[in-house]
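Undergrad: Mind having a look at this structure? Questions to follow.
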Amino acid sequence: MRVEFDAVTVRMAGRTVVDRLTLDVRSGEVVGLVGPNGSGKSTALRCLFGALRPTSGVVRVGGADVASVSLRDNARRVAALTQESRTELDFTVREIVELGRYPHLRGNRRLTARETEVCKDALRAMDLLALTERSVVGLSGGERQRVFLARALAQEPEVLVLDEPTNHLDVRHQIALLSYLRGCGRTVVVALHDLNLAAATCDRVAVLGDGMLREFAEPGLALRTELIRTVFGVEATSITHPATGDPQVLYALSRPSTSEEATS
Numbered sequence: 001m002r003v004e005f006d007a008v009t010v011r012m013a014g015r016t017v018v019d020r021l022t023l024d025v026r027s028g029e030v031v032g033l034v035g036p037n038g039s040g041k042s043t044a045l046r047c048l049f050g051a052l053r054p055t056s057g058v059v060r061v062g063g064a065d066v067a068s069v070s071l072r073d074n075a076r077r078v079a080a081l082t083q084e085s086r087t088e089l090d091f092t093v094r095e096i097v098e099l100g101r102y103p104h105l106r107g108n109r110r111l112t113a114r115e116t117e118v119c120k121d122a123l124r125a126m127d128l129l130a131l132t133e134r135s136v137v138g139l140s141g142g143e144r145q146r147v148f149l150a151r152a153l154a155q156e157p158e159v160l161v162l163d164e165p166t167n168h169l170d171v172r173h174q175i176a177l178l179s180y181l182r183g184c185g186r187t188v189v190v191a192l193h194d195l196n197l198a199a200a201t202c203d204r205v206a207v208l209g210d211g212m213l214r215e216f217a218e219p220g221l222a223l224r225t226e227l228i229r230t231v232f233g234v235e236a237t238s239i240t241h242p243a244t245g246d247p248q249v250l251y252a253l254s255r256p257s258t259s260e261e262a263t264s
């Protein structure tokens, strides 16, 4: 399903957080949002899943203005994982994932056999079958993150909106998740801090800085050295991964000068 940001601006507390953002995400495409803290990534995503209304401009999903669609109806098409996803309730993993079916239910109707299987598929995709009857309260941060991801998948969305989904995940589960996103066939809009993960996962990358779109292109162009320097304020070198051909970023760490260097 196609996603469009059409000149979207968001102003909060007298500050422009997102400034005339225009993006056209093709159906089935994986698009990454990258940028420094405060660049507007999370705010833009909130507009997409309906938690925030733009000050001006329009966000469309499948041609429909998100602001004109009820949250429940939007949740049938768009599933979101936010950085604030959490629960302190003593629910089992299975129960949390089954909540993903809520937008599709009417009243107190029980899950059908098919819906139960959908939830099981989501648990399997996030490597959670062995934890199904465990309480989420006793899980690690990474395990909880996978539970919330499985809940999003259980919604059977056409669009996945993910804000830093690799937070708390170990390397194996980061790779498993991003590999899943590449092959899931859904439209995915994902905010990532790790530029190398973005390069390996995304069809195109949108680089944000100070709320504005600085580049929207394939990873090799979007993550070029001079743009990284300008937007992120770091020195880096872009190379090609020898096995996959994906662009990768090597960072140059600043080193404290020695006493001899300081006096020379």
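With the first letter of the sequence shown counted as 1, position 23 gets the number 23 in the UniProt record's numbering; the numbers rise by one all the way through. Glycine included, every Cβ here is placed at the ideal spot set by N, Cα and C.
1) Would you mind reading off the limits of the alpha helix (DSSP H) that contains Thr225?
2) Over the uninterrupted alpha helix (DSSP H) stretch that includes Ser42, give me the two end residues.
3) Quick one: what does DSSP say Gln248 is sitting in, helix, strand or coil?
4) Using 8 Å as the threshold, is the C-beta distance between Val161 and Val97 below it?
5) Specify, as a first and last residue, the run of the alpha helix (DSSP H) that Leu221 falls within.
6) Among Glu164, Ala252, Val249, Cys119, which one has its Cα closest to the Cα of Val189?
7) Provide the residue(s) that pair with Glu156 in DSSP beta bridges, ordered along the chain.
8) If you count every other CB in all the chains shown that lies within 10 Å of the CB of Gly138, and 16 or more means buried, which is it?
9) On the criterion of 16 or more Cβ atoms from any shown chain inside 10 Å, does Arg77 qualify as buried, or is it exposed?
10) Thinking Val66 and Ala44 are a contact (beta carbons under 8 Å), I'd like their distance in whole angstroms, please.
11) Out of curiosity, what's the CA-to-CA distance linking residue 271 and Leu227?
12) Give the straight-line distance between the Cα atoms of Asp19 and Val205, rounded to the nearest whole angstrom.
13) Kindly give me the distance between the Cβ atoms of Val3 and Thr201, rounded to whole angstroms, as I take these residues to be in contact under 8 Å.
14) In whole angstroms, give me the CA-to-CA distance for Arg182 and Ala199.
15) Assign Asn74 to buried or exposed, taking buried as 16 or more other Cβ atoms, counted over all protein chains shown, within 10 Å of its Cβ.
16) Among Val93, Val118, Arg110, which one has its Cα closest to the Cα of Leu131?
17) What number of angstroms, rounded off, separates the C-alpha of Thr116 from the C-alpha of Ala150?
18) Are Cys47 and Val59 touching if we call contact CB-CB under 8 Å?
19) Between the beta-carbon of Leu250 and the beta-carbon of Ile239, is there less than 8 Å?
20) Going by DSSP, which residues form a beta bridge with Arg11?
21) Which partner residues does Asp65 have in the DSSP bridge list?
22) When we look at the beta-carbon of Pro242 and count the other beta-carbons within 10 Å, is it buried (16 or more) or exposed?
23) For my contact list, Leu23 and Phe216 are in at a C-beta cut-off of 8 Å; report their separation, rounded to the angstrom.
24) For Leu149, does the three-state DSSP call read helix, strand or coil?
25) Give me the Cα-Cα distance between Gln83 and Arg109, rounded to the nearest whole angstrom.
26) In three-state terms, what does DSSP make of Asp203?
27) Please name the residue or residues paired with Met212 in a DSSP beta bridge.
28) Hey, Pro247 and Gly220: beta-carbon distance below 8 Å or not?
TA: Quick look at the numbers:
1) For the purposes of this step, residue 225 is identified with residue 225 of the sequence shown, where counting begins at 1. It spans 225 to 232 - the alpha helix (DSSP H) in which Thr225 sits, taken as one unbroken run.
2) Residue 42 sits at position 42 when you count from the first residue of the sequence shown. Looking at the DSSP string, the run of the alpha helix (DSSP H) that includes Ser42 is 41 to 48.
3) By 1-based counting over the sequence shown, the position of residue 248 is 248. Here Gln248 sits in strand by DSSP.
4) Along the sequence shown, one-based indexing puts residue 161 at 161. Along the sequence shown, one-based indexing puts residue 97 at 97. No. Outside cutoff.
5) As a first step, residue 221 is located in the sequence shown; it is residue number 221 there, counting from the start. Run containing Leu221: 219 to 222, per the alpha helix (DSSP H) assignment.
6) Taking the sequence shown and counting its residues from 1, one reaches residue 189 at position 189. Minimum Cα distance to Val189 is reached at Glu164.
7) In the sequence shown, residue 156 corresponds to position 156, counting from 1. The partner list for Glu156 (beta bridge, DSSP) is empty, contrary to what the question assumes.
8) The sequence position of residue 138 within the sequence shown is 138, counting from 1. Burial call: exposed.
9) Start at 1 with the first residue of the sequence shown, and residue 77 comes out as number 77. That one is buried.
10) For the purposes of this step, residue 66 is taken as residue 66 along the sequence shown, with counting starting at 1. For the purposes of this step, residue 44 is taken as residue 44 along the sequence shown, with counting starting at 1. The pair is not a contact, with the Cβ atoms about 12 Å apart (cut-off 8 Å).
11) Lying before the first or after the last residue shown, residue 271 is absent from the chain, which here runs from 1 to 264.
12) Walking along the sequence shown from the start, residue 19 turns up at place 19. Walking along the sequence shown from the start, residue 205 turns up at place 205. One C-alpha to the other measures close to 18 Å.
13) Numbered from its first residue, the sequence shown carries residue 3 at position 3. Numbered from its first residue, the sequence shown carries residue 201 at position 201. Actually they do not touch by this definition, with Cβ atoms about 17 Å apart.
14) As a first step, residue 182 must be located in the sequence shown, where it is residue number 182. As a first step, residue 199 must be located in the sequence shown, where it is residue number 199. When rounded, the distance between both Cα atoms is 12 Å.
15) Against the sequence shown, residue 74 aligns to sequence position 74. Asn74 comes out buried.
16) Here residue 131 is taken as the residue at index 131 of the sequence shown, counted from 1. That would be Val93, whose Cα lies nearest to the Cα of Leu131.
17) Here residue 116 refers to the residue found at position 116 when the sequence shown is read from its first residue. Here residue 150 refers to the residue found at position 150 when the sequence shown is read from its first residue. If you take the alpha carbons of Thr116 and Ala150, they lie about 13 Å apart.
18) Reading the sequence shown from its first residue, position 47 is the one you call residue 47. Reading the sequence shown from its first residue, position 59 is the one you call residue 59. Yes, Cβ-Cβ distance for Cys47 and Val59 is below 8 Å.
19) Start at 1 with the first residue of the sequence shown, and residue 250 comes out as number 250. Start at 1 with the first residue of the sequence shown, and residue 239 comes out as number 239. Their beta carbons are under 8 Å apart, which means Leu250 touches Ile239 by this criterion.
20) Within the sequence shown, residue 11 is the residue found at index 11, counting from 1. Answer is Thr16, bridged to Arg11.
21) For this step, residue 65 is matched to residue 65 along the sequence shown. Its beta-bridge partners are Arg60.
22) Within the sequence shown, the letter at position 242 stands for residue 242. Pro242 should be labelled exposed.
23) The residue labelled residue 23 in the question sits at position 23 within the sequence shown. The residue labelled residue 216 in the question sits at position 216 within the sequence shown. Correct: roughly 6 Å between the Cβ atoms.
24) In the sequence shown, counting from the first residue as 1, residue 149 sits at position 149. Correct three-state label for Leu149: helix.
25) Taking the sequence shown and counting its residues from 1, one reaches residue 83 at position 83. Taking the sequence shown and counting its residues from 1, one reaches residue 109 at position 109. Taking the straight line joining both Cα atoms gives about 30 Å.
26) To locate residue 203, count along the sequence shown from 1; it is residue 203. It is coil, neither helix nor strand.
27) As a first step, residue 212 is located in the sequence shown; it is residue number 212 there, counting from the start. Answer is Gly209, bridged to Met212.
28) Here residue 247 is taken as the residue at index 247 of the sequence shown, counted from 1. Here residue 220 is taken as the residue at index 220 of the sequence shown, counted from 1. Taking 8 Å as the Cβ cut-off, Pro247 and Gly220 qualify as a contacting pair.
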